[in-house]
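Engineer: Take this structure first; my questions come after.
Residue numbers (the UniProt record's numbering): 1 to 444.
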């Protein structure tokens, strides 16, 4: 597969033209920002000015500027505020969500045990586990890995995540390509199917809704719609709810599962890292109870490995495009309102001024000299500023609980010499994922 458009252009051009340059998508100018310092100045220091949502035509054919990922203006602000508040109430970062992830981790381990130490590809199981966490939040329940409706949902999400080069031509020729048949039309059709799935769940929830005891995200949205019924300028309606819910699924399913899949491959390539993880898990958790989030503060090496997995894997090498919200001066340049801006997040993650060995997997990037975990400002796996990923806390909880639960129960066995394992990513339409692989899990 060809690399994604921005990665093909920008990661190479930034080495030639520096941290800030313009190229044209068809007739439209687009500014690329690269390197930690420039990204910080834009996304954090001038967060409001760079908070607009840029062109993403393959998605906007369906979203039409609605939802929390591709929305803009006051509607986006209200939706984001509502989504963050609601997800917090349902335990994003709280123990109730931790319990759901711990439960799902045990279902995942049970599926892994069925492989009986034989070679297998973990992709399907990790996708099921990641998606079930979002299902638990949005629908209030998880699904069996054999449930037909659930498998259809997974297929739709996975299909759009893996879209090919042709839909990327939408960036360049949006007014022409939306009339041309091809895979990009399938993206649009898939979004409609996802929205239909959500609509059916909405109807189920509506029939049994108790306004005093909301069970999930959809219940909360339905209650909010009722509360805003007399407000003609309200942004809360069923179309907005469907698009926001689809956003949550798309953003929260493949990102975590792909990072975990990449992480396991990295451990196969670096068995010495896996061994240190086992030692820390044995010392802090043992084998008589399941891992919990309270353990993380006592497990700096595990925390560092997870952050380094996210940094090294670079699952989303570029952030979703931004726009400038008003005419501004930035680094000596005049940037007009509505100018498209691509924040190349991967260039912060691999900035040699910030990371000692940017092209090497090295957990000490996130450890101080005393072996304690240390945060790195240049770590932008979840972007930064006004558009920072609202699921960052949830994703980190999933990464910690899934990985430690897997390693508490199994040891990884590669099917080849670890030194021969290829960590080069396979590019997809929206991100970088590891090449397909198989391995064995040996029960502890």
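We put the CB at the ideal spot given by N, CA and C, even for glycine.
Bear in mind the structure is a predicted one, so any value in this text is a computation, not a measurement.
(1) Using the Cβ count rule (16 or more neighbours within 10 Å means buried), how would you classify residue 314?
(2) I'd like the list of long-range same chain contacts for residue 96, defined as Cβ closer than 8 Å, with 5 residues on each side in sequence excluded.
(3) For the segment 318-333 against the segment 383-394, are there 3 or more C-beta pairs whose distance is under 8 Å?
(4) By DSSP's criteria, residue 244 is part of a beta bridge. Which residues make up the other side?
(5) What does the Cβ neighbour count give for residue 436, buried or exposed, with the cut at 16 atoms within 10 Å?
(6) Beta carbon of residue 102, beta carbon of residue 290: below 7 Å?
(7) Residue 316 to residue 381, Cα distance in whole Å?
(8) Grab the span of the beta strand (DSSP E) containing residue 347 for me, first residue to last.
(9) Where residue 25 and residue 17 are concerned, what is the direct C-alpha to C-alpha distance, given to the nearest angstrom?
(10) Counting only runs of 3+ residues fully inside the segment 332-420, write out the beta strand (DSSP E) ranges in chain order.
(11) Going by Cα to Cα distance, which pick from 120, 222, 285 and 279 is closest to residue 448?
(12) Can we say the segment 358-370 touches the segment 38-51, given the rule of at least three CB pairs closer than 8 Å?
(13) Check whether the segment 235-252 and the segment 192-200 are in contact - that is, three or more C-beta pairs closer than 8 Å.
(14) Please report how far the alpha carbon of residue 209 lies from the alpha carbon of residue 21, in whole angstroms.
(15) Which residues in the same chain have their Cβ closer than 6 Å to the Cβ of residue 378, if we skip the five residues on either side of it in sequence?
(16) For the ligand HEM, I want to know if residue 112 counts as a neighbour, meaning its beta carbon is within less than 6 Å of at least one of the ligand's heavy atoms.
(17) Since residue 322 sits in a beta bridge, which residues does DSSP pair it with?
Structural biologist: Taking the coordinates as given:
(1) buried
(2) 90
(3) yes
(4) None, per the DSSP bridge assignment.
(5) exposed
(6) yes
(7) 7 Å
(8) Note, residue 347: premise wrong, no beta strand (DSSP E); alpha helix (DSSP H) at 346-349.
(9) 17 Å
(10) 333-335, 340-344 and 410-413
(11) In the structure as shown, the chain begins at 1 and stops at 444. Residue 448 is therefore absent and cannot be evaluated.
(12) no
(13) yes
(14) 52 Å
(15) 36, 348, 351 and 354
(16) In the structure shown, the ligand HEM is absent, as is every other ligand, since no ligand is present at all.
(17) 53 and 341
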